[in-house]
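Chemist: To start, I am sharing the structure in question, which I have written as structure tokens.
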Amino acid sequence: MTTATAIPDHYRAIEVELPVNAVLHLWLKAVTPDEPGAVSLYSSNGKFGEVQASNAEENSFRIYQVFGGGTVTLAYDMAVTSLSVAYWFTPSDVLETGIAVIHTNPSNEPPDLPYGYHFRPPFGWMNDPNGFGRFGGRPHLFYQHYSHGRIWNNMHWGHAVSSDYLRWRHLPVFLFPSEELSVRPDKRGGAFSGSAIARTDSPGIRVFFTEKIADRTPEQEIQLTAISTDLFSAGAAEVFLPHRPDGEGLTFDFRDPYVFRGPDGLWKMLLGSQSTGGGVILLYETQDNTAAGGWTYVGKLYTETRFETSALECPCLLPIGGDHRDPATRWALIYGLMNGEDKETGRRNLTMIDIGWFDGRSFAKSFGRELDFGTDNYAFQAFVDGGTPVGIGWLGNWADTGPSIDFPSAMTLPRHLVLDGDTLLTPPIGAAESLRARMLDRTRLSSGQSVVLPTGAAEIAFELSEAGSAFRLELDHPDIRLAIVQHDEGLEILHGYLDRPDEPPGPRYLARGADARRLRIFLDYGSLEIFADDGRITGTKRIAGFEPVREIRLVAEPGVVSNATVWSLRL
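So that you can map any letter, position 57 of the sequence shown is 57 in UniProt numbering, and since no number is skipped, the others follow by simple counting.
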């Protein structure tokens with residue numbers, strides 16, 4: 001054990017048992033500009049190492065490898081040093097075991113939700129999913145991340161790995177903001193959204209992402225690529241697209257590269273932007289089979305003129321219901337409408353999905369709809385896994401969160417994309433049934449009685465005698481007036497704050513003309529998700545805070561509810 005006299009009394013000490021060859025990741029900064037910050041490492045034999053940070057403005061990332069293992073104490077003077085995050089892992093088995101977080105600050109620690117089942121980061125802020133795919137036999141999820149607080153700031157890429165898309169192991173932070181941002185904390189940006197593909201020339205992955213530095217000239221946003229041979233650490237990033245295409249009248253918005261194989265076998269890439277004609281999706285391609293370079297501009301794949309949107313964000317294009325090389329296969333084009341507003345309902349930042357045909361250079365739309373009428377399923381990214389498309393979105397919306405709001409966010413339940421003729425279904429993945437920990441009810445809810453929920457995590461499934469029948473599912477929440485109703489206009493989420501009775505009504509979360517018959521509703525701490533008729537209609541709504549729904553009651557005319565079941569859920 002560490003000796004009592006080895007560490008000064010006024011130091012904060014964090015003791016941890018480490019295996020041989022453990023790697024420590026630490027973020028620290030100096031409290032004042034007068035003295036560098038430092039974290040010392042002690043063993044039973046005394047001090048054996050130290051990491052320093054001279055910058056008092058920005059958290060500095062440091063790596064330290066403990067070759068011998070054993071009991072190690074991290075110690076620092078809080079009057080001189082701020083330690084934001086510390087975790088350790090062993091590179092040889094990190095994909096199997098993940099990281100072990102040993103320290104966070106109150107400002108970036110995750111909420112304590114023992115029954116929660118949505119993906120959340122181990123610390124800090126999270127938004128868009130990135131690089132979603134199966135690599136090395138496992139699903140990987142990267143995401144927009146800020147480690148040092150629950151408020152948006154300079155972007156990193158967080159990273160996790162799973163076996164079933166539900167139970168995730170957190171991995172080391174994958175991408176970091178550039179050194180330019182580290183020495184200029186007054187600027188904002190970092191490693192923005194992007195995608196990942198399996199390398200074609202050797203094991204590992206190649207990631208593509210936007211680097212943003214506000215006010216940089218001539219381009220605020222440029223495209224970078226990096227490779228990872230071990231699936232958990234990234235090599236040096238290189239610029240592969242340093243400027244926007246000329247002559248297209250684009251704003252500075254130029255981001256979110258999504259790379260995929262086209263029907264002609266070439267690598268294609270989508271990027272989101274804005275032009276004088278509306279929000280646009282740009283298409284690039286390359287003859288390089290590694291996708292490392294040689295990217296050429298093909299043209300504008302899609303222009304959005306509805307909803308007064310600014311830039312289109314997080315574009316995604318993938319085959320649905322067939323092989324990408326088959327001309328008969330239809331494709332799904334997904335994109336977010338940044339700042340777009342549906343004037344009829346007041347909802348902002350919608351996510352759209354269009355179904356059509358893609359020949360490698362143009363997209364011919366067959367039909368389309370909103371991906372989610374609740375709007376809190378943004379930046380949705382999908383890929384084809386074993387012939388079946390699967391995707392995930394950020395369970396948030398820039399209309400009610402942002403750089404000034406403390407919001408430890410989550411990802412949505414992963415969803416499949418299924419074509420049933422000319423109907424698109426987006427049901428939750430089948431593994432969602434494995435969350436059912438205990439059946440709570442099979443009779444009381446359908447008869448109009450209240451059902452108490454023991455935790456904030458539950459699934460409610462019920463069927464109506466006829467499609468479109470009216471009902472009202474009342475959700476008893478301590479802070480919010482919350483209900484799900486079906487009426488003459490459609491299926492709607494009712495949402496309002498109990499302590500703000502005089503506040504003007506907010507957006508209407510309405511799926512007009514839904515005519516739903518079968519419903520599955522997933523409740524978690526801070527969210528609800530509706531899947532009607534196997535995902536023909538979906539609605540996701542973030543609920544502020546983490547107070548649980550305490551009780552539910554289903555109100556309908558006699559004979560309308562055929563059956564209803566309620567489960568408590570847990571990972």
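Ideal Cβ positions, reconstructed from N, Cα and C, are used throughout, including at glycine.
Apart from the five residues just before and just after Asp534, which ones in its own chain have a Cβ nearer than 6 Å to its Cβ?
Modeler: As a working note, residue 534 is residue 534 in the sequence shown. Taking Asp534 as the centre and dropping the five residues before and after it, the same chain places the C-beta of Leu425, Pro427 closer than 6 Å to its C-beta, in chain order.
Chemist: Between Val239, Asp326, Ile197, which has its C-alpha nearest Thr210's C-alpha?
Modeler: Residue numbering aside, residue 210 sits at position 210 when the sequence shown is read from its first letter. The shortest C-alpha separation from Thr210 is found at Val239.
Chemist: Which parts of the region 104-155 are runs of the beta strand (DSSP E), unbroken and 3 residues or longer, counting only runs that do not cross its ends?
Modeler: Counting whole runs of 3 or more residues, the region 104-155 contains the beta strand (DSSP E) stretches 125-135, 138-146.
Chemist: Which residue marks the beginning of the alpha helix (DSSP H) containing Thr426, and which one marks its end?
Modeler: Against the sequence shown, residue 426 aligns to sequence position 426. Note, Thr426: premise wrong, no alpha helix (DSSP H); not H, not E.
Chemist: Taking Leu419 as the reference, give the member of Gly321, Glu466, Ala328 with the closest Cα.
Modeler: Stepping through the sequence shown from its first residue, residue 419 is reached at position 419. Here the closest residue by C-alpha is Gly321.
Chemist: Would you tell me roughly how many angstroms separate the C-alpha atoms of Ile355 and Ala22, rounded to the nearest one?
Modeler: For the purposes of this step, residue 355 is taken as the residue at position 355 of the sequence shown. For the purposes of this step, residue 22 is taken as the residue at position 22 of the sequence shown. Roughly 48 Å separates the two Cα atoms.
Chemist: Does DSSP classify Glu466 as helix, strand or coil?
Modeler: In the sequence shown, counting from the first residue as 1, residue 466 sits at position 466. If DSSP states are grouped into helix, strand and coil, Glu466 belongs with coil.
Chemist: Alpha carbon to alpha carbon, how far is Lys212 from Gly46?
Modeler: If you number the sequence shown from 1, residue 212 lands on position 212. If you number the sequence shown from 1, residue 46 lands on position 46. Going by the C-alpha atoms only, they are around 44 Å apart.
Chemist: If you scan the region 214-259 from start to end, which runs of the beta strand (DSSP E) of 3 or more residues do you find wholly inside it?
Modeler: 221-228, 238-241
Chemist: Helix, strand or coil for Val101, going by three-state DSSP, please let me know.
Modeler: Translated into positions along the sequence shown, residue 101 becomes position 101. Looking at Val101 - three-state DSSP - the assignment turns out to be strand.
Chemist: To test your reading of the DSSP string, which unbroken alpha helix (DSSP H) runs of 4 or more residues are found completely within the region 441-465?
Modeler: Qualifying alpha helix (DSSP H) stretches: none in this window.
Chemist: Just to confirm my understanding: we take Asp154, look at its own chain, exclude 5 residues before and 5 after, and list those with CB closer than 7 Å. What are they?
Modeler: Translated into positions along the sequence shown, residue 154 becomes position 154. The sequence given here places Asn at residue 154; Asp does not occur at that position. Around Asn154: Tyr146, Pro177, Leu181, Arg188, Gly189, Gly190.
Chemist: Quick one: what does DSSP say Glu179 is sitting in, helix, strand or coil?
Modeler: Taking the first residue of the sequence shown as 1, we reach residue 179 at position 179. The three-state secondary structure of Glu179, taken from DSSP, is helix.
Chemist: Can you tell me the Cβ-Cβ gap for Trp331 and Leu318, rounded? I've got them flagged as a contact below 8 Å.
Modeler: As a working note, residue 331 is residue 331 in the sequence shown. As a working note, residue 318 is residue 318 in the sequence shown. Trp331 to Leu318, Cβ: 7 Å. Contact.
Chemist: If you draw a straight line from the alpha carbon of Ile7 to that of Ala38, how long is it in whole angstroms?
Modeler: Locating residue 7 in the sequence shown gives position 7, where the first residue counts as 1. Locating residue 38 in the sequence shown gives position 38, where the first residue counts as 1. Spanning the two alpha carbons is a distance of roughly 13 Å.
Chemist: So Thr90 and Pro19 are supposed to be a Cβ contact under 8 Å. How far apart are they, rounded?
Modeler: Residue 90 sits at position 90 when you count from the first residue of the sequence shown. Residue 19 sits at position 19 when you count from the first residue of the sequence shown. Going by Cβ atoms, the distance from Thr90 to Pro19 rounds to 6 Å, so yes, they are a contact pair.
Chemist: Would Pro315 and Gly272 qualify as a contact pair, given that the criterion is a beta-carbon distance under 7 Å?
Modeler: Stepping through the sequence shown from its first residue, residue 315 is reached at position 315. Stepping through the sequence shown from its first residue, residue 272 is reached at position 272. Yes, they are a contact pair.
Chemist: Straight-line CA distance for Thr565 to Val452?
Modeler: The sequence position of residue 565 within the sequence shown is 565, counting from 1. The sequence position of residue 452 within the sequence shown is 452, counting from 1. Cα to Cα, Thr565 sits roughly 13 Å from Val452.
Chemist: In angstroms with no decimal places, state the Cα-to-Cα distance between Ile480 and Leu498.
Modeler: Taking the first residue of the sequence shown as 1, we reach residue 480 at position 480. Taking the first residue of the sequence shown as 1, we reach residue 498 at position 498. So the two alpha carbons sit approximately 5 Å from each other.
Chemist: Pull up the distance between the alpha-carbon of Ile552 and that of Asp441, whole angstroms please.
Modeler: In the sequence shown, the residue the question calls residue 552 occupies position 552. In the sequence shown, the residue the question calls residue 441 occupies position 441. Each residue's Cα considered, the two are about 11 Å apart.
Chemist: Between the region 369-383 and the region 527-541, do at least 3 Cβ pairs fall closer than 8 Å?
Modeler: yes
Chemist: Measure the CB-CB distance between Phe119 and Trp157 and report whether it falls below 7 Å.
Modeler: Translated into the one-based positions of the sequence shown, residue 119 becomes position 119. Translated into the one-based positions of the sequence shown, residue 157 becomes position 157. Result no, Cβ atoms of Phe119 and Trp157 do not sit closer than 7 Å.
Chemist: If you draw a straight line from the alpha carbon of Thr305 to that of Gly336, how long is it in whole angstroms?
Modeler: By one-based count along the sequence shown, residue 305 stands at place 305. By one-based count along the sequence shown, residue 336 stands at place 336. Between Thr305 and Gly336, the C-alpha separation is close to 13 Å.
Chemist: Looking at the structure shown, is Leu271 part of a helix, part of a strand, or coil, going by DSSP?
Modeler: In the sequence shown, the residue the question calls residue 271 occupies position 271. Strand.
Chemist: Looking at the structure shown, is Ala544 part of a helix, part of a strand, or coil, going by DSSP?
Modeler: Mapped onto the sequence shown, residue 544 falls at position 544. Ala544 falls in the coil class under three-state DSSP.
Chemist: Going by the beta-carbon positions, is the gap between Leu241 and Trp295 smaller than 7 Å?
Modeler: The residue you call residue 241 lines up with position 241 of the sequence shown. The residue you call residue 295 lines up with position 295 of the sequence shown. Yes; because the gap between Cβ atoms is below 7 Å, this pair is in contact.
Chemist: Determine the burial state of Met1: buried for a count of at least 16 other Cβ atoms within 10 Å of its Cβ, exposed for fewer.
Modeler: In the sequence shown, the residue the question calls residue 1 occupies position 1. Low local confidence applies: a pLDDT of 43 at Met1 is under 50, so the model's placement there is unreliable, and no value is given.
Chemist: When burial is assigned at 16 or more other CB atoms within 10 Å of the CB, is Gln486 buried or exposed?
Modeler: In the sequence shown, residue 486 corresponds to position 486, counting from 1. Burial call: buried.
Chemist: Would you grab the beta carbon distance between Arg206 and Ala291 for me? Rounded to a whole angstrom, and I think it's under 8 Å.
Modeler: By one-based count along the sequence shown, residue 206 stands at place 206. By one-based count along the sequence shown, residue 291 stands at place 291. About 6 Å; that satisfies the 8 Å criterion.
Chemist: When you compare only the Cα positions, how much space is there between Thr3 and Asp9?
Modeler: Locating residue 3 in the sequence shown gives position 3, counting from the first residue. Locating residue 9 in the sequence shown gives position 9, counting from the first residue. The predicted model places Thr3 with a pLDDT of 49, which falls under 50 and marks its position as unreliable, so this point remains unresolved.
Chemist: Among the residues of its own chain, which have a CB less than 7 Å from the CB of Gly456, if the five just before and after it don't count?
Modeler: Taking the first residue of the sequence shown as position 1, residue 456 is located at position 456. Excluding sequence neighbours, Gly456 sits near Tyr115, Leu523, Asp524, Tyr525, Pro548, Val549.
Chemist: Could you spell out where the beta strand (DSSP E) holding Asn563 opens and where it closes?
Modeler: Along the sequence shown, one-based indexing puts residue 563 at 563. That run of the beta strand (DSSP E) goes 561-569.
Chemist: Is the shortest distance between the beta-carbon of Arg361 and the beta-carbons of chain D less than 7 Å?
Modeler: No chain D appears in the structure shown, which is made up of a single protein chain.
Chemist: Specify the secondary structure class of Ser434 as computed by DSSP and reduced to three states.
Modeler: Taking the first residue of the sequence shown as position 1, residue 434 is located at position 434. Secondary structure at Ser434: helix, using DSSP grouped into helix, strand and coil.
Chemist: Please classify Gln381 as buried or exposed, where buried requires at least 16 other C-beta atoms within 10 Å of its C-beta.
Modeler: By 1-based counting over the sequence shown, the position of residue 381 is 381. Classification for Gln381: buried.
Chemist: So is Pro558 buried or exposed if we call it buried at 16+ other beta carbons inside 10 Å?
Modeler: For the purposes of this step, residue 558 is taken as the residue at position 558 of the sequence shown. By the 10 Å Cβ count, Pro558 comes out exposed.
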